[in-house]
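Quick notes on the structure that follows.
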Amino acid sequence: MILYSTIKYIDGGALAAAASLNKIEREIFMKRTRYIVVVMLLMLSVFAVSASASAAEERDSIAVTGTASVEAEPDMASVTLSMTEYGKSAASTRAALAERIERLSKYIASIRVDSKDFKTTGYELAPNYVTEREKRVQKGYAATVSFAVTVRNLADLGAVIDGSAEKCSASVNNVSFGLQKREEIERGLLKSAVEDARARASLVASTGGRSLGRLVNANIGTAGAVPLARKNTAMSYSMMADAAMPAATQLASGVINVSVSVSLVFELK
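Letter by letter, the sequence shown follows residues 251 to 519 of the numbering used here.
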């Protein structure tokens with residue numbers, strides 16, 4: 251219908267334009283118009299064939315998702331620490347915090363944590379404001395610094411937590427567990443996920459009287475979960491700094507679930 255309307259419109263317009271021309275000019279004009287119409291017909295035919303082929307290709311394929319997962323015991327931990335110092339002047343506040351930072355750095359180095367696994371993640375030195383009688387007034391300065399510590403030997407985790415609080419008056423803000431060889435584990439799971447997807451697709455194809463052809467598309471997605479993380483522990487650990495600590499802190503690391511998923515598209519024979 252669209253094609254017919256388009257051709258009719260062109261023919262009508264051509265006739266109207268041709269009416270104002272002489273005989274020779276009208277013949278040339280009409281020949282050119284017919285040529286344009288033929289070209290448009292050929293283009294529309296090619297488009298229709300391509301669309302039909304594309305639709306056929308979609309009908310002759312199967313999309314499937316495969317998954318694989320494994321539970322692994324964590325072999326590393328990430329600890330976030332912070333320290334805050336208050337003082338009358340910016341210089342005295344900065345100096346007091348610098349002394350505590352140096353003490354913490356030396357302690358972390360003494361418990362077999364590599365320098366690359368101990369890094370500063372934030373630092374702030376600013377006026378300290380409080381509210382008095384509904385007015386905001388400055389009370390000296392406040393300086394805060396935060397650190398991230400990667401513990402690659404879980405046997406040292408208790409020493410990192412307890413020593414940072416007891417010896418350096420640091421707050422322990424978060425502890426999370428991880429895997430040092432996670433990428434290696436994911437690569438191993440990837441093969442299993444592809445095999446799972448192929449088996450699913452093959453089952454569906456064979457049940458429908460078809461067989462699998464070549465793989466024409468693939469998308470990879472990964473997901474993992476850390477089931478246990480200690481948060482909001484700053485108060486409990488900081489308070490221990492002023493008292494004798496009866497035993498080293500021990501945290502239950504649980505297990506980490508690592509999963510891989512793949513979405514594949516196969517041709518059908």
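Note that CB positions come from ideal geometry on N, CA and C, so glycine has one too.
Inter-residue Cα distance where the pair is residue i and residue j
| i | j | result |
| --- | --- | --- |
| residue 518 | residue 311 | 5 Å |
| residue 491 | residue 341 | Because the pLDDT of residue 491 is 43, which lies under 50, any placement of that residue in the model is unreliable, and the number read from its coordinates should be weighed accordingly. Rounded to whole angstroms, residue 491 to residue 341 spans 26 Å at the Cα level. |
| residue 352 | residue 502 | 30 Å |
| residue 505 | residue 429 | 10 Å |
| residue 360 | residue 413 | 11 Å |
| residue 411 | residue 422 | 7 Å |
| residue 405 | residue 471 | 33 Å |
| residue 435 | residue 317 | 14 Å |
| residue 389 | residue 510 | 53 Å |
| residue 516 | residue 440 | 17 Å |
| residue 372 | residue 451 | 50 Å |
| residue 433 | residue 325 | 14 Å |
| residue 415 | residue 349 | 15 Å |
| residue 364 | residue 418 | 18 Å |
| residue 409 | residue 369 | 18 Å |
| residue 379 | residue 336 | 11 Å |
| residue 384 | residue 424 | 34 Å |
| residue 338 | residue 366 | 34 Å |
| residue 463 | residue 355 | 60 Å |
| residue 299 | residue 286 | Below a pLDDT of 50, predicted positions are generally treated as unreliable, and residue 299, at 36, falls in that range; no measurement from the model is reported. |
| residue 466 | residue 431 | 31 Å |
| residue 460 | residue 445 | 19 Å |
Local conformation of residue i per DSSP, three classes
| i | result |
| --- | --- |
| residue 503 | coil |
| residue 411 | helix |
| residue 375 | strand |
| residue 366 | helix |
| residue 323 | coil |
| residue 295 | For residue 295, the predicted model reports a pLDDT of 49, less than 50, meaning its position is unreliable; a value from the coordinates is still stated below. If DSSP states are grouped into helix, strand and coil, residue 295 belongs with the helices. |
| residue 511 | strand |
| residue 438 | helix |
| residue 384 | coil |
| residue 328 | strand |
| residue 396 | strand |
| residue 420 | coil |
| residue 389 | strand |
| residue 355 | helix |
| residue 427 | strand |
Residue i and residue j closer than 8 Å at C-beta
| i | j | result |
| --- | --- | --- |
| residue 315 | residue 449 | no |
| residue 376 | residue 334 | no |
| residue 328 | residue 396 | no |
| residue 403 | residue 437 | no |
| residue 358 | residue 399 | yes |
| residue 443 | residue 512 | yes |
| residue 468 | residue 514 | yes |
Where residue i falls, given that 16 or more other Cβ within 10 Å makes a residue buried
| i | result |
| --- | --- |
| residue 499 | buried |
| residue 453 | exposed |
| residue 487 | For residue 487, the pLDDT reaches just 39, beneath the cut-off of 50, and the residue's location in the model is therefore unreliable, leaving the point undetermined. |
| residue 343 | buried |
| residue 401 | buried |
Proximity test, residue i beta-carbon vs the ligand NAD heavy atom, cut-off 7 Å
| i | result |
| --- | --- |
| residue 372 | In the structure on display, the ligand NAD does not appear, and there are no ligands present to speak of. |
Integer Cβ distance of residue i from residue j, believed to fall under 8 Å
| i | j | result |
| --- | --- | --- |
| residue 347 | residue 420 | About 11 Å separates the two Cβ atoms, so there is no contact after all. |
| residue 345 | residue 508 | Between residue 508 and residue 345 the Cβ distance is about 46 Å, and since that is not below 8 Å, they are no contact. |
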